[in-house]
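Enquirer: In our numbering, the protein residues as written are 13 to 775. First the structure, which I've put down as structure tokens, then a few questions once you've had a look.
Structure follows, in structure tokens:
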């Protein structure tokens, strides 16, 4: 693509920015594989492509291109009128920067804001004579004739419209209108930084946004908490940069200088401790963390780039590749790593300490591979020009073309979404499941490349040049995808103060009839049912006792008789009831085996635990009883098999493992706000998998796990995760979701007013 000239003063602005960046990168490593935004960061003989330095002559993504026709109206101060100077001049009706409005407060008295333009109150926005008004205090005069904005601007092409409007033909005329459909920019983008410094190399997960800020000659790492909106500076360098951060839950990695070269550092948020993972004589050039794996690239003694990883569960760094080829452009998801060898070959590696790593070549022609779950994507050129993204399923070995486009620069994948950027800096998303596309960010006024380095947990962050410097933005892509409408059947009421009862057991089977079981002057709480029975705890005086109700006969039976301590938090499945009871020292787990042949009048009581610590919560499903309790240091999770009488400690760490849910032999729970899954394997024993870095109070039924998380607009989301496919999606979004549960095809939840709703997963 040919570069076009721009005015001298525009080049001066770009030169100032370029000089500051060039000064900073004098202290950086140069050459192939180095992370970059601009060509100047790569050194002589290299150019910046897909955020990595490539030797000139190698296939590249793009160069910064300046379009005179896009910017002359805003930046050429020798022309009249001067769009962008803050004054609404005659003939500037199409300049929304000077003459537009956001709301009615931006208009003069007697005018209202309609489609970003001030019109006289009562006017339909048609732009008839005398109806247009400049912005309040603008001091401008009325633009004339065809220059009136919005619906009144006559046009031939989209280039005749300003402010992102498009040219639409209607009847015998045409006008500039707001874009619609897939060209409509997502309105949920959040700008994190707003200063006069360059904020670059941003990376986000579900809870946080990271970036590197250039102040003076060096970069430092900053962290923004999405929920609280608080920004924290993590590094404080005086003579070398700390940059290129990556985050996953409680852990953050970045590149930092140890006085000799750039090494990999690991920071744990919970403890505030920083650990140097590498110590050699070579510069590490890029680093990323996912789950337990920290992966980076660096040259070895042979002078070529190799890939290394550090498994936090093993505590040992491993050299993944060791050859005379260039191993670059890696990505990691879970225990899988993909990368390019010799620019074109795509490789996949599975980290498996028990049997050794497994390396597979996926393609001999693909650029910049990315991985998420079972899917790997890479870019290939079209014979006719342009590119296409190829989607490869590592489980089935099937490959297909995802989509084609003339311009596919940076691209990433996370679960069902692919995001990509075109040459103009516009960012799009593509839904793999239904093929829907959307525009996340309109970069058409960008004059240097937008910087994207990663996409995680559905959160995309990027650094955008606003005309002065780079600023960090982020968006939840899930919330921008309107292809699956949000259920609006439930009445919306005022936002809640979040209240959760973590001890509410799983729901019974759905029924249309409501039966009142108790009617007395006592508090009956903590009820749970199965298909034949209902159990609850009745508070009489100061203490609780457990009661049992048989649905078929309608008979109620008191199971415990306490005098000085409570028996409560009961759970039932078939002929077994479990609860927490006091043994004189602390709360332990008890199980009652009912004798149905004696009309539920007899049974066997067994104390399942006997230790010096309080058990916290208990649940039963089928043959398995699960509870949480202290091990003397923190809260852990345990299970008991009724059939073999064995007790197993599921977790053993230094964190509180809490808010669990049980289905069969599978358990989900929270460590902090991370969601974990335990599955019992007959051959491999128990397998623990982290499902999410941000979710509260997970529940499980069959192959589905649900959890709650706040959305960035103040509502709550219920996320559903399919264990079999590894795909998660937003199930519902409501202003208030308090207690919630899943059973089979149904999800139920309660709002702040105590109203209970159900949601059918099938329809």
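Where a beta carbon is used, it is the ideal one built from N, C-alpha and C, also for glycine. Bear in mind that the values here come from a model prediction, so they are computed numbers and not experimental data.
Can you tell me whether residue 199 is buried or exposed? The criterion is at least 16 other CB atoms within 10 Å of its CB, across all chains shown.
Expert: Exposed, because fewer than 16 other Cβ atoms sit within 10 Å of the Cβ of residue 199.
Enquirer: Just to confirm the assignment, what range does the beta strand (DSSP E) spanning residue 647 have?
Expert: Run containing residue 647: 647-653, per the beta strand (DSSP E) assignment.
Enquirer: Taking the alpha-carbon positions, what's the residue 676 to residue 293 distance?
Expert: Rounded to whole angstroms, residue 676 to residue 293 spans 52 Å at the Cα level.
Enquirer: Which of helix, strand or coil does DSSP assign to residue 529?
Expert: Looking at residue 529 - three-state DSSP - the assignment turns out to be coil, as it is neither helix nor strand.
Enquirer: Looking at residue 583 and residue 540, is the spacing between their C-beta atoms short of 8 Å?
Expert: Taking 8 Å as the Cβ cut-off, residue 540 and residue 583 qualify as a contacting pair.
Enquirer: Assuming the contact rule is C-beta atoms closer than 8 Å, residue 255 and residue 231 should be a hit. Round their C-beta distance to whole Å, please.
Expert: About 4 Å; that satisfies the 8 Å criterion.
Enquirer: Between which two residues does the beta strand (DSSP E) containing residue 558 stretch?
Expert: Residue 558 -> beta strand (DSSP E) spans 555-562.
Enquirer: With the cut-off set at 8 Å, would you say residue 742 and residue 731 are in Cβ contact?
Expert: Yes, these two residues count as a Cβ contact at 8 Å.
Enquirer: Cβ of residue 336 within 8 Å of Cβ of residue 343?
Expert: The answer is no: Cβ separation not under 8 Å.
Enquirer: Relative to the alpha-carbon of residue 531, which residue among 544, 542, 525 and 550 has its alpha-carbon at the smallest distance?
Expert: Nearest option by C-alpha distance: 550.
Enquirer: Take residue 640 as the anchor and find which of 328, 632, 472 and 649 has the nearest alpha-carbon.
Expert: Of the candidates 328, 632, 472 and 649, the one whose C-alpha sits nearest the C-alpha of residue 640 is 649.
Enquirer: Anyone know if the C-beta pair for residue 400 and residue 341 falls short of 8 Å?
Expert: Result no, Cβ atoms of residue 400 and residue 341 do not sit closer than 8 Å.
Enquirer: Give every residue of the same chain whose Cβ lies closer than 7 Å to the Cβ of residue 665, excluding the five residues on either side of it in the sequence, and list them in chain order.
Expert: So the list is empty, once near-sequence residues are dropped.
Enquirer: Rounded to whole angstroms, what is the Cα-Cα separation between residue 644 and residue 681?
Expert: Roughly 20 Å between the two C-alpha positions.
Enquirer: Measure the alpha-carbon distance for residue 740 versus residue 353 and round it to whole angstroms.
Expert: Cα-Cα distance, rounded: 31 Å.
Enquirer: Could you pull the DSSP bridge partners for residue 402 from this structure?
Expert: According to DSSP, which records beta bridges pairwise, residue 402 is partnered with 390 and 413.
Enquirer: What is the rounded straight-line gap between the Cα of residue 770 and the Cα of residue 758?
Expert: For residue 770 and residue 758, the distance between alpha carbons rounds to 7 Å.
Enquirer: Can you give me the C-alpha to C-alpha distance between residue 161 and residue 196, rounded to a whole angstrom?
Expert: Its pLDDT being 34, under 50, residue 161 is placed unreliably in this model, and the value from its coordinates should be taken loosely. Their backbone Cα atoms lie some 19 Å apart in a straight line.
Enquirer: Grouping DSSP H, G and I as helix and E and B as strand, with all else coil, what is residue 567?
Expert: In the structure shown, residue 567 sits in a strand (DSSP, three-state: E or B).
Enquirer: Of all the options 224, 727 and 690, which has the alpha carbon lying nearest to the alpha carbon of residue 213?
Expert: Answer by Cα proximity: 224.
Enquirer: Between the Cα of residue 767 and the Cα atoms of 756, 751, 775 and 722, which residue gives the shortest distance?
Expert: For residue 767, the nearest C-alpha among the options comes from 751.
Enquirer: At what residue ranges does the region 678-728 contain a whole run of the alpha helix (DSSP H), taking only runs of 4 or more?
Expert: As far as the region 678-728 is concerned, it has no whole alpha helix (DSSP H) run of at least 4 residues.
Enquirer: Excluding the 5 residues preceding and the 5 following residue 715 in the sequence, name in chain order all residues of the same chain whose CB lies nearer than 8 Å to its CB.
Expert: Excluding sequence neighbours, residue 715 sits near 734, 735 and 736.
Enquirer: Could you tell me which uninterrupted beta strand (DSSP E) segments, each at least 3 residues in length, are contained entirely in the region 307-369, listed from first to last along the chain?
Expert: Complete beta strand (DSSP E) runs here, min 3: 317-323, 328-331, 339-345, 348-353 and 357-362.
Enquirer: Which residue wins for smallest C-alpha separation from residue 445, given the options 670, 438, 452 and 430?
Expert: Residue 430 is the option with its Cα nearest to residue 445.
Enquirer: Does the beta-carbon distance from residue 605 to residue 628 come in below 8 Å?
Expert: Going by C-beta atoms, residue 605 is not nearer than 8 Å to residue 628.
Enquirer: Considering only the beta carbon of each residue, do residue 474 and residue 463 sit closer than 8 Å?
Expert: Cβ distance < 8 Å, so residue 474 and residue 463 count as in contact.
Enquirer: Please say whether residue 561 and residue 571 have beta carbons closer to each other than 8 Å?
Expert: Not closer than 8 Å, so no.
Enquirer: Buried or exposed, going by whether 16 or more other CB atoms sit within 10 Å of the CB of residue 533?
Expert: Flag for residue 533 reads exposed.
Enquirer: According to the Cβ coordinates, are residue 406 and residue 360 closer than 8 Å?
Expert: Taking 8 Å as the Cβ cut-off, residue 406 and residue 360 qualify as a contacting pair.
Enquirer: So for residue 276, helix, strand or coil by DSSP?
Expert: In the structure shown, residue 276 sits in a strand (DSSP, three-state: E or B).
Enquirer: Can you tell me which of 203, 712 and 402 puts its alpha carbon nearest to the alpha carbon of residue 394?
Expert: Looking at the Cα atoms, 402 is the closest of the given residues.
Enquirer: Can you tell me whether residue 437 is buried or exposed, with buried defined as 16 or more other CB within 10 angstroms of its CB?
Expert: Buried is the call here.
Enquirer: Reducing DSSP to helix, strand and coil, say where residue 491 ends up.
Expert: Residue 491: helix per DSSP, three-state reduction.
Enquirer: Might you give, ordered along the chain, the residues of its own chain that have their beta carbon closer than 6 Å to the beta carbon of residue 674, omitting 5 neighbours on each side?
Expert: Within the same chain, residue 674 has close Cβ partners 631, 633 and 638.
Enquirer: Closest to residue 319 by CA distance: which of 339, 775 and 697 is it?
Expert: Selected option, being the one with the closest Cα: 339.
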